[in-house]
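In my numbering, the protein residues as written are 2 to 309. Idealized CB from N, CA, C, for every residue including glycine.
In structure tokens, the structure reads:
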């Protein structure tokens, strides 16, 4: 089935303009009513997310003690991994080894982030939070891809920039951005007042965010799944909350759909609708249909998108 709501949910949002993941467990009779309406608490620290996904996070004190000892979560599984390898064929052994290597690589990057945050006291960063946003958001994407690969969760949400954020986007130079980032903040650039220079900065920031989406999609595309890849069997919805941020207009909002949804979605299309004719609720209601979730209304929806 396509990656959809199941078992546990990871919600990615932002605090202090930094990427975060929020976590919520299985509903119980007492918590289910609250879970239907309450926002998930967010988690800024990828180290905590990592340990919740792949091992007991424990208390902050226990996590700190384990970090001091420089012990990997995998250290406790050496015996089990060895026995498991003996029971697997060569192909499955390669998959297991790749999975273990990916976990160790993320641990290595988290350790680098821990050292960086400890060495820069002027930043209020918990251990494990990279100083640079580019590494921070990619770490969260890597964690999500690994969680999908292991089938630990089948749904995730990410908020790429918190409302009113003053974060500046001084991301590194690269093929897509030969001059690197900008000193403009997302919120400041969004109120461009039709100034061409400010519009260029705002465009640069948006292009950068879309490039991180491409990074995540490529991650999923590199993971075999069934008769295709994890991206073939997933669906990513990328969007924003405004159609015209300069005027705070919340209609005519652009969205991007990436992935095959297990063959249920035709890609390589650009669907354009008349001004103020379609709400985001219509799109969300149509996506629920792809997953067999029957609802008559989603938010302010007025119908479904037959073109999907």
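Contact between the stretch 148-158 and the stretch 167-177 is not established, with fewer than three Cβ pairs separated by less than 8 angstroms. The Cβ atoms of residue 51 and residue 96 do not sit closer than 8 angstroms to each other. Its Cα nearest to that of residue 112, the residue 129 stands out among 168, 129, 103. Each residue's CA atom was taken as its position, placing residue 247 and residue 200 some 10 angstroms apart.
The continuous beta strand (DSSP E) containing residue 258 extends over residues 256-259. In this structure, residue 148 lies near residue 54, with their beta-carbon atoms less than 8 angstroms apart.
A Cβ-Cβ contact shorter than 8 angstroms links residue 220 with residue 146. Only residues of its own chain outside the window of five on either side were considered, and among them 250, 252, 253, 254 have a CB closer than 6 angstroms to the CB of residue 244, listed in chain order.
Within the same chain, Cβ atoms closer than 8 angstroms to the Cβ of residue 229 are found at 261, the five residues on either side in sequence being excluded. Counting only the Cα atoms, residue 190 lies some 11 angstroms from residue 168. According to the DSSP assignment, residue 186 belongs to the beta strand (DSSP E) that extends over 183-186.
Non-local beta-carbon contacts of residue 287 in its own chain, meaning distances under 8 angstroms to residues more than five positions away in sequence, involve 305, 306, 309 in chain order.
Exposure of residue 240 is indicated by the presence of fewer than 16 other C-beta atoms within 10 angstroms of its C-beta. Between the C-alpha atoms of residue 159 and residue 259 there is a straight-line separation of about 14 angstroms.
The criterion of a C-beta distance shorter than 8 angstroms is satisfied by residue 265 and residue 291. One alpha carbon belongs to residue 280, the other to residue 274, and they sit about 10 angstroms apart. Nearest in C-alpha terms to residue 184, of all of 49, 202, 235, is 202. Per DSSP, the beta bridge partners of residue 225 are 230.
Rounded to the nearest whole angstrom, the C-alpha separation of residue 227 and residue 170 is 38 angstroms. Note that the C-beta distance between residue 236 and residue 222 is not below 8 angstroms. Judged by DSSP in its simplified three-state form, residue 44 adopts strand. Assignment of residue 169 by DSSP, reduced to helix, strand and coil, places it in the strand class. For residue 188, the closest of 207, 268, 48, 143 by C-alpha to C-alpha distance is 207. A distance below 8 angstroms between beta-carbons, with the five flanking residues on each side excluded, links residue 218 to the following residues of its chain, in chain order: 232, 237, 259, 260.
Boundaries of the alpha helix (DSSP H) around residue 284: 281-291. Residue nearest to residue 205 within the set 300, 225, 181 is 181 (criterion: CA-CA distance). In the structure shown, residue 269 adopts coil according to DSSP, grouped into three states. Rounded to whole angstroms, the Cβ separation of residue 110 and residue 140 is 6 angstroms, and the two are in contact under 8 angstroms.
Rounded to the nearest angstrom, the gap between the Cα atoms of residue 293 and residue 299 is 14 angstroms.
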